[in-house]
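The opening residue of the sequence shown carries number 1 in UniProt numbering; numbering runs sequentially from there. For every residue, glycine included, the Cβ atom is placed at its ideal position computed from N, Cα and C. Computed from a predicted model, the values in this text were never measured in an experiment. Structure, as structure tokens:
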Amino acid sequence: MKNLTITEDLYGQRLDNFLLKICKGVPKSHIYKMIRTRYVKVNNKKVDINYRLQLSDIVSIFQLSVPASSRLQNSKILPRKFSVAYEDDYLLVINKPSGVAVHGGSGISFGVIEQVREYYKENSFLELVHRLDRDTSGLLILAKKRSTLLAMHSKLRDRLIDKRYVALVHGRWLNQRQHIKSSLSKWITKTGERRVKVDPNGQEAHTAVNLIRNYGDSCSLVEVELYSGRTHQIRVHLSSIGFPIVGDTKYGIDLSLFNEKISKLVSKRLFLHAHSLIFSHPNTEKNLKIVSDLPNDFSNLLIKLDGIC
């Protein structure tokens with residue numbers, strides 16, 4: 001058994017994120033299983049995966065044996081410099097490419113956070129403020145100080161960070177502005193993959209959608225505002241009302257069923273991009289607006305659609 005005491009530089013983290021850093025190379029699915037089966041306790045009590053660690057908490061790890069078939073291979077972390085949209089002594093905002101996970105786990109040796117830490121070795125502290133799906137591109141915020149991380153988390157909880165996305169969806173969007181307020185819950189597929197669905201008994205979720213333009217009846221470009229931050233919220237909300245995001249292999253439609261002329265143009269990516277962030281700086285109180293242009297593959301598709309629609 002291993003006991004770890006939470007100090008000032010560690011408190012405020014979610015238990016699962018803390019364990020992912022402590023248990024290097026252990027798949028995320030195994031971390032969750034350890035918590036569910038009481039192989040991890042806090043102050044000798046079973047807690048939820050989402051529990052946020054408090055100062056002086058004692059985290060006990062009773063067993064850490066991973067089946068050989070589940071152990072990650074080739075786990076050497078490769079440093080990577082991502083495109084920087086904003087940086088100062090407290091915050092780092094990068095442009096995450098589509099197809100790159102934000103952290104390691106679930107069969108992935110390492111993600112953005114591990115690569116950024118390897119690149120910025122002089123920074124003793126670097127943590128994700130929030131997450132983006134692996135297939136979503138765009139703005140991702142990291143904190144360079146524990147106090148900044150906690151302040152940004154507080155802003156997220158109080159909805160003081162305006163996060164906007166651009167998405168290309170199937171179908172012709174009709175309303176200039178539309179709100180989607182459907183509760184969401186997580187579920188596990190037969191293969192053990194986590195998914196999200198609309199569920200009246202789930203957690204409340206609120207998305208607002210603004211029409212940018214239509215491309216005939218085939219697809220539409222929309223701006224999405226998040227008023228809550230549920231897993232896969234944008235993807236599930238849009239799909240639930242009949243406008244799945246182009247390239248969404250989890251909640252979308254098979255491209256072979258889509259307009260044949262257009263489907264030939266679509267690259268294998270999710271056409272969802274974290275486009276802008278507006279918030280007051282937690283340390284300087286300066287009002288920030290950070291914008292990320294659409295990636296080339298996204299903007300090139302729009303140019304081609306403009307030519308045929």
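Mind checking whether V59 and F82 have CB atoms under 8 Å apart?
-> The residue you call residue 59 lines up with position 59 of the sequence shown. The residue you call residue 82 lines up with position 82 of the sequence shown. No.
Among K190, I212, D135, the one whose alpha carbon lies nearest that of W173 | In the sequence shown, counting from the first residue as 1, residue 173 sits at position 173. W173 has its Cα closest to that of I212, out of K190, I212, D135.
Kindly provide the ranges of any alpha helix (DSSP H) runs that are 4 or more residues long and lie completely inside the stretch 99-171, ordered along the chain.
-> 112-119, 146-157
Please classify M1: is it buried, with 16 or more other beta-carbons within 10 angstroms of its beta-carbon, or exposed?
-> Counted from its first residue, the sequence shown places residue 1 at position 1. Of the other Cβ atoms in all chains shown, fewer than 16 fall within 10 Å of the Cβ of M1; this residue is therefore exposed.
Using CA coordinates, which residue listed in H179, K21, H275, G252 is at the minimum distance from K268?
-> Translated into the one-based positions of the sequence shown, residue 268 becomes position 268. Closest option to K268, Cα to Cα, is G252.
Look at the Cβ atom of N95, then the Cβ atom of G138, and state whether they are nearer than 8 Å.
-> In the sequence shown, the residue the question calls residue 95 occupies position 95. In the sequence shown, the residue the question calls residue 138 occupies position 138. Against a cut-off of 8 Å, the Cβ pair of G138 and N95 comes out as a contact.
Under 6 Å Cβ to Cβ from Y227, same chain only, skipping five residues before and after it: list those, please.
-> Taking the first residue of the sequence shown as 1, we reach residue 227 at position 227. So the list reads H206, once near-sequence residues are dropped.
Output yes or no for whether 8 Å exceeds the beta carbon distance between residue 315 and Y90.
-> No information on residue 315 is available, as it lies outside the stretch 1 to 309 that the chain covers here.
Between the stretch 149-157 and the stretch 118-133, are three or more C-beta pairs nearer than 8 Å?
-> yes
Cβ-based neighbour list, V42, same chain, cut-off 6 Å, excluding 5 preceding and 5 following | Mapped onto the sequence shown, residue 42 falls at position 42. Here the set comprises D57, V59.
Apart from the five residues just before and just after D16, which ones in its own chain have a Cβ nearer than 8 Å to its Cβ?
-> If you number the sequence shown from 1, residue 16 lands on position 16. Around D16: K28, I31, Y32, I35, I49, N50.
Cβ of L221 within 8 Å of any chain C Cβ = In the displayed structure, chain C is absent; only one protein chain is listed.
Output the boundary residues of the alpha helix (DSSP H) element that contains Y32.
-> As a first step, residue 32 must be located in the sequence shown, where it is residue number 32. It spans 28-36 - the alpha helix (DSSP H) in which Y32 sits, taken as one unbroken run.
Please classify L270: is it buried, with 16 or more other beta-carbons within 10 angstroms of its beta-carbon, or exposed?
-> Numbered from its first residue, the sequence shown carries residue 270 at position 270. Buried, by the Cβ-count rule.
Are the beta-carbon atoms of L78 and V84 separated by less than 8 Å?
-> Taking the sequence shown and counting its residues from 1, the one referred to as residue 78 is at position 78. Taking the sequence shown and counting its residues from 1, the one referred to as residue 84 is at position 84. Contact: no.
As assigned by DSSP and simplified to three states, the class of S240 = Indexing the sequence shown from 1 puts residue 240 at position 240. In this structure, S240 counts as helix in the three-state DSSP scheme.
Could you tell me whether any non-hydrogen atom of the ligand SAM is closer than 7 Å to the CB of S154?
-> The ligand SAM is not part of the structure shown, which contains no ligands of any sort.
Compare the C-alpha of S98 against each of L294, I308, I141 and name the closest.
-> By 1-based counting over the sequence shown, the position of residue 98 is 98. For the residues L294, I308, I141, the minimum Cα distance to S98 belongs to L294.
Residue span of the beta strand (DSSP E) that contains L302, given as start and end = The residue labelled residue 302 in the question sits at position 302 within the sequence shown. Element bounds for L302: not the beta strand (DSSP E) but the alpha helix (DSSP H), 296-308.
Span of the beta strand (DSSP E) around K96 | Here residue 96 refers to the residue found at position 96 of the sequence shown. Its beta strand (DSSP E) spans residues 91-96.
How about V198 and V236: are their beta carbons less than 8 Å apart?
-> For the purposes of this step, residue 198 is taken as the residue at position 198 of the sequence shown. For the purposes of this step, residue 236 is taken as the residue at position 236 of the sequence shown. V198 is a Cβ neighbour of V236, given a cutoff of 8 Å.
Roughly how far, in whole angstroms, is the beta-carbon of H273 from the beta-carbon of F243, given that I think they are within contact range, below 8 Å?
-> Looking up residue 273 in the sequence shown gives position 273. Looking up residue 243 in the sequence shown gives position 243. With a Cβ gap of about 16 Å, H273 and F243 do not count as contacting.
What are the partner residues of E204, as DSSP defines its beta bridges?
-> As a working mapping, residue 204 is identified with position 204 in the sequence shown. DSSP, once it has assigned bridges, lists no residue as partnering E204.
Around the Cβ of H179, are there at least 16 other Cβ atoms within 10 angstroms (buried) or fewer (exposed)?
-> Taking the first residue of the sequence shown as position 1, residue 179 is located at position 179. Its Cβ having fewer than 16 others within 10 Å, H179 is exposed.
Return the Cβ separation of L221 and V291 in integer angstroms, given the expectation that the two are a contact with Cβ distance under 8 Å.
-> Locating residue 221 in the sequence shown gives position 221, counting from the first residue. Locating residue 291 in the sequence shown gives position 291, counting from the first residue. Rounded to the nearest angstrom, the Cβ distance from L221 to V291 is 16 Å, too far for a contact under 8 Å.
Within 10 angstroms of the Cβ of N114, are there 16 or more other Cβ atoms? Answer buried if so, exposed if not.
-> Within the sequence shown, numbered from 1, the residue matching residue 114 stands at position 114. Correcting the residue identity first, residue 114 is Glu in this sequence and not Asn. So E114 counts as buried.
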